[in-house]
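To start, the structure itself, in structure tokens.
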Amino acid sequence: MSSEPTVRDGVLTRPLLLKLLLAGALSFAVVNLVPRTVSGGGSVPPVRMLIETATIVGVICATLMFWGLRSDLGLPATAAVYAVVFNVLVIVVKLGLAPRGFYEVNQVRNLDGTFSIDNAFGAVLAAGVVFALYLGVYLVLYRSFRARIEHMADPDPIPRFAPGRGAVVGIVVLTILLVASGGALLLVLVPLAAGLDYLDFVFSSSLSLMIGIVLACATALAAMAFNKTSERAHVLGDASVFMSFFWVGLYFLALYHVLWVVYVLVLTSIWPLKVVTPK
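Position one of the sequence shown corresponds to residue 47 (this note's numbering), numbered consecutively onward.
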């Protein structure tokens, strides 16, 4: 099993990159085509179709991720398994549980049509808001376990921010901009707030507790994967193994949100949402 670093000069090597691109291409085809195989009828996507989509994408991404982590990064099987299961749980939420919960609530509660996810802008906006939350948790885990290999690593490519000072500066700058623009900046911030509608619907559904538990398990497994990977990097004396793992994980998290945008646009074109458009 090769333990040769897969990041040189900040670029993934070709074998690993090909696996990542293949996972993306195959998954894109699945979310685009599987919903169209349903014969139609009903006001919500069939549970079976949601399960099939999440399962197929999960198998594709899990297989190629495990292959890449083992053959290209040389990670132990335990680290690869933790990473794979963590990613599968995220897929289950993104492509299965969350869409189901969203449609469930939409049957009894109309959606504001200004920035709803049945149009490309609204879908991208919602995906961006949710991805920011995932990214925040992912970076916290990364920072926590990078400390173990900090002494042998190159300068951290991920910028650091002082939370206290950054928050104060951000509030001051935002206040100045709001005053200077006469409140016009609020027109830019409203769409960002509207992106939270998706989370509101999902966590108002009967699946909210299950989604929370699955995401908590995914976070724990991600921490275990980071832990095993940092241990491996420490043993090898090679911090690039840890950084390779970080970039691979970040790629897949971003991929799932891109897939989600395509998926919800396909779903809502077949099973329209109940939307109220303000006059």
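Don't be surprised by glycine CBs; every beta carbon is placed ideally from N, CA and C. As the structure is a computational prediction, the values presented were derived from the model and not from experiment.
{"Query": "Collapsed DSSP secondary structure at Pro-51 in the structure displayed", "Result": "Bear in mind that the predicted position of Pro-51 carries a pLDDT of just 44, short of 50, making it too unreliable to give a figure here."}
{"Query": "Sequence-distant residues of the same chain with beta carbon closer than 7 Å to Gly-168, five excluded per side", "Result": "Phe-161, Ser-162"}
{"Query": "Of the residues Leu-267, Ser-276, Gly-174, Gly-258, the one placed nearest Val-304, counting alpha carbons only", "Result": "Gly-174"}
{"Query": "Where the alpha helix (DSSP H) through Val-151 begins and ends", "Result": "144–152"}
{"Query": "Where Leu-62 falls: helix, strand or coil (DSSP)", "Result": "helix"}
{"Query": "Enclosing alpha helix (DSSP H) for Arg-116 [first to last residue]", "Result": "93–117"}
{"Query": "Reduced DSSP secondary structure (H/G/I, E/B, other) of Leu-242", "Result": "helix"}
{"Query": "Integer-rounded CB distance, given that Gly-182 should sit under 8 Å from Val-134", "Result": "Contact doesn't hold; Cβ gap of about 21 Å is too wide."}
{"Query": "Gly-88 to Ile-259 span [Cα, whole Å]", "Result": "29 Å"}
{"Query": "Sequence-distant residues of the same chain with beta carbon closer than 6 Å to Met-270, five excluded per side", "Result": "Tyr-128"}
{"Query": "Segment limits, alpha helix (DSSP H) that includes Arg-278", "Result": "254–282"}
{"Query": "6 Å Cβ shell around Phe-112 - same chain, five flanking residues per side excluded", "Result": "Ala-126, Val-130"}
{"Query": "DSSP three-state assignment for Val-322, whether helix, strand or coil", "Result": "strand"}
{"Query": "Continuous alpha helix (DSSP H) stretch holding Thr-83: start and end", "Result": "Neither: Thr-83 is in no alpha helix (DSSP H) and is coded neither H nor E."}
{"Query": "Residues near Phe-148 in its chain [Cβ-Cβ closer than 6 Å; skip 5 each side]", "Result": "Phe-247, Val-248"}
{"Query": "Three-state secondary structure (DSSP) of Leu-185", "Result": "helix"}
{"Query": "Cβ-Cβ separation, Phe-191 to Ser-276 (assumed contact under 8 Å), whole Å", "Result": "4 Å"}
{"Query": "Straight-line gap, Leu-301 to Ala-69 (C-alpha atoms, nearest Å)", "Result": "9 Å"}
{"Query": "Whole-angstrom distance between Leu-282 and Leu-179, CA atom to CA atom", "Result": "32 Å"}
{"Query": "Assigned secondary structure, Leu-157 (DSSP; H/G/I helix, E/B strand, else coil)", "Result": "strand"}
{"Query": "CA nearest to the CA of Lys-140, picked from Val-154, Phe-177, Ala-166", "Result": "Phe-177"}
{"Query": "Cβ-based neighbour list, Val-308, same chain, cut-off 7 Å, excluding 5 preceding and 5 following", "Result": "Phe-74, Val-77, Asn-78"}
{"Query": "Proximity below 9 Å, CB of Lys-274 to CB of Leu-110", "Result": "no"}
{"Query": "C-beta contact flag for Leu-66 and Val-294 at 9 Å", "Result": "yes"}
{"Query": "Option nearest Glu-150 by Cα separation, candidates Pro-92, Ala-123, Gly-114, His-280", "Result": "Pro-92"}
{"Query": "Under the three-state DSSP convention, the category Phe-167 falls into", "Result": "helix"}
{"Query": "Limits of the unbroken alpha helix (DSSP H) element including Ser-250", "Result": "No alpha helix (DSSP H) contains Ser-250, which DSSP labels as neither H nor E."}
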